[in-house]
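Residue numbers (the numbering used here), protein chains in the order written: chain V, 2 to 86; chain A, 3 to 197.
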């Protein structure tokens, strides 16, 4: 069985290529979208909003539904366990 | 005979559980299949299953992750090679055909899936939507296909696929249905969107 591919500890995005990682650093646990210019993890609310937008813009679902999906996704992520419950 | 290490044995058991779970979820339904049934059909103890998957949801997630990774590999490689929209959509059909029995359960049970699982399924869809639309934009800018929003583009494509999958017993006696009608659907989709 092939080893499970790495994914961002904040949003779950698959980390397949070097540029997917935060600041292009393959030892990072986060993706390029979840960190600031210094490589620090962005605040929960920012990540939540970005993920909700991602759901909404890609599939046309309502803001409320998108927010719920984003919350449900983030609450199991290592970076956000016990946050935003 | 080569000696199997404990780690290899553990991985083998885990893969066996995920594979059997996928089979049973596909044939009986995701919410209708218990972890006890999965363990029993593999002749492993319920305790062994829980060592690998402490909750039922984690086992469902493992199967969804396999599906997501398969899609990501198929479409990621295509993206890297910078292939055209048609190739991406063809790859999508191929992976859905491979997972069709399970995928039909995922979409038909969508509203009763655990919230976290549902959020992963729609995150996979969001990723597909972006990948497809990125390739579609190239064709739109060249005037090959009609200009339309990402939502309309993606939902039209998914609508075509899902209608066939959800009613596949009426459209063909063979499964996967996408193997039967995939080429025709793709051709029709391009007929709809072409300029």
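Even for Gly, the Cβ is constructed at its ideal location relative to N, Cα and C.
DSSP beta-bridge partners for residue i?
| i | result |
| --- | --- |
| residue 147 of chain A | A/196 |
| residue 22 of chain V | V/32 |
| residue 15 of chain V | V/8 |
| residue 42 of chain V | V/36 |
Quick check: the Cα distance between residue i and residue j, rounded to an integer number of angstroms?
| i | j | result |
| --- | --- | --- |
| residue 142 of chain A | residue 23 of chain V | 31 Å |
| residue 35 of chain V | residue 19 of chain V | 15 Å |
| residue 75 of chain V | residue 62 of chain V | 18 Å |
| residue 109 of chain A | residue 32 of chain V | 28 Å |
| residue 145 of chain A | residue 54 of chain V | 28 Å |
| residue 176 of chain A | residue 93 of chain A | 20 Å |
| residue 45 of chain V | residue 128 of chain A | 20 Å |
| residue 165 of chain A | residue 14 of chain V | 28 Å |
| residue 150 of chain A | residue 140 of chain A | 12 Å |
| residue 102 of chain A | residue 170 of chain A | 10 Å |
| residue 249 of chain A | residue 7 of chain A | The structure shown does not extend to residue 249 of chain A, since chain A spans only 3 to 197, so no value can be given for it. |
| residue 113 of chain A | residue 136 of chain A | 29 Å |
| residue 72 of chain A | residue 62 of chain A | 16 Å |
| residue 163 of chain A | residue 59 of chain A | 27 Å |
| residue 148 of chain A | residue 54 of chain A | 49 Å |
| residue 27 of chain A | residue 107 of chain A | 7 Å |
In this structure, does DSSP put residue i in helix, strand or coil?
| i | result |
| --- | --- |
| residue 33 of chain A | coil |
| residue 67 of chain V | helix |
| residue 2 of chain V | The predicted model places residue 2 of chain V with a pLDDT of 37, which falls under 50 and marks its position as unreliable; any figure quoted below should be read in that light. Three-state DSSP puts residue 2 of chain V in coil, outside helix and strand. |
| residue 36 of chain V | strand |
| residue 98 of chain A | helix |
| residue 44 of chain A | coil |
| residue 115 of chain A | coil |
| residue 27 of chain V | coil |
| residue 92 of chain A | helix |
| residue 62 of chain V | coil |
| residue 131 of chain A | helix |
| residue 27 of chain A | helix |
| residue 142 of chain A | helix |
| residue 7 of chain A | coil |
| residue 106 of chain A | helix |
By the DSSP assignment, the alpha helix (DSSP H) with residue i in it spans what residues?
| i | result |
| --- | --- |
| residue 157 of chain A | 152–168 |
Contact between the region 113–129 of chain A and the region 58–66 of chain A (3+ Cβ pairs under 8 Å)
Using a Cβ-Cβ distance cut-off of 8 Å, the region 113–129 of chain A and the region 58–66 of chain A are in contact, since at least three pairs of beta carbons, one from each stretch, lie closer than that value.
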